[in-house]
Every structure is written in C-alpha cells, then in structure tokens.
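In our numbering, the protein residues as written are -19 to 116.
Positions of the beta carbon are idealized from the N, C-alpha and C atoms, including for glycine.
Right, one structure below, let's go through it.
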C-alpha cells in the first residue's frame, strides 16, 4: 500500500476548486488502496515546495501529491508563481529521491476552467501511486 503525503494550496478565489480537487484526490487514494498519512495545507501554490519537502523527509511517506490552482490575473504573476512552484517541486523530488507529483492547475485559466479540472486531483494521486509501484 502506497503511503502518500498531500499538500493542498488554499488560495482559490471561489473555494470550490481546491475542495473539489482534494475530494477527487482522496477518492482516488481510496480506489487505489493508498493511504494519505499526512496532509499539509499552505496558503498558496508558491508555498507548496517547502511543505512537499517536509513530507518527503518523512519515513512514512512514499510519495507526495501537490494540489493547487492558479487562476489568471491581471498581470503575469500567475505564470511566475507556476514556474517557480514547478521548478522547486522538481528539485524536492530529485533532492529527496521521492516522487512529488504536480497537481497545480493553471496558469492562464479562468475560474470556470479551473472548476472544470477539479478531477485533476485524482490524476495526481494516480501518478503518485504509479511511481511508488514502478520505481525500485
């Protein structure tokens, strides 16, 4: 049974996007017979790498699934946040030799587009479990 850490970025203008993503992630874990042993909520997607790193250090965590939503703003700030988070999460995965799956949707999405992609929470958990099962 894969043991997962879950990082949930709470910044969401509508609230329902992250809630839907987390619900989909937890359902996927149940369906894959994986156990979410720890959940860390952080303010936003930019804050996910530190939380992922802390979870990846734990002996009882085989992989970390990261959830977040970056909706389009009036500036390029959303792209800067997405790029920084993606690179830092990749670094955590490689530095800790622990799968860290990237479930941050966006940037450049409207709130409606983000709501339509809440099922991505399940995809990220499936990827985490697949990596735990496939990597020696």
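Proximity to residue i [Cα-Cα], best of the options
i	options	result
residue 34	-16, 103, 1	-16
residue 114	29, -14, 76, 43	43
residue 96	0, 75, 77, -10	0
residue 19	88, 13, 6	6
residue 88	98, 49, 70, 99	49
residue 57	25, 107, 38	25
residue -12	14, 21, 105	21
Whole-angstrom C-beta distance between residue j and residue i, which should lie under 8 Å
i	j	result
residue 32	residue 46	6 Å
Distance, residue j Cα to residue i Cα
i	j	result
residue 94	residue 3	15 Å
residue -2	residue 40	25 Å
residue 77	residue 30	15 Å
residue 23	residue 79	22 Å
residue 61	residue 102	23 Å
residue -19	residue 59	36 Å
residue 51	residue 116	36 Å
residue 66	residue 92	23 Å
Contact check, residue i vs residue j, beta carbons under 9 Å
i	j	result
residue 84	residue 28	yes
residue 9	residue 112	no
residue 105	residue 82	no
residue 17	residue 38	yes
Status (buried if at least 16 other CB within 10 Å, exposed otherwise) for residue i
i	result
residue 12	buried
residue 36	buried
residue 90	exposed
residue 53	exposed
residue 64	exposed
residue -14	buried
residue -4	exposed
residue 70	exposed
residue 98	buried
residue 14	buried
CB contact check: residue i to chain B, cutoff 9 Å
i	result
residue 38	Protein chain content of the structure displayed is limited to a single chain, and chain B is not contained in it.
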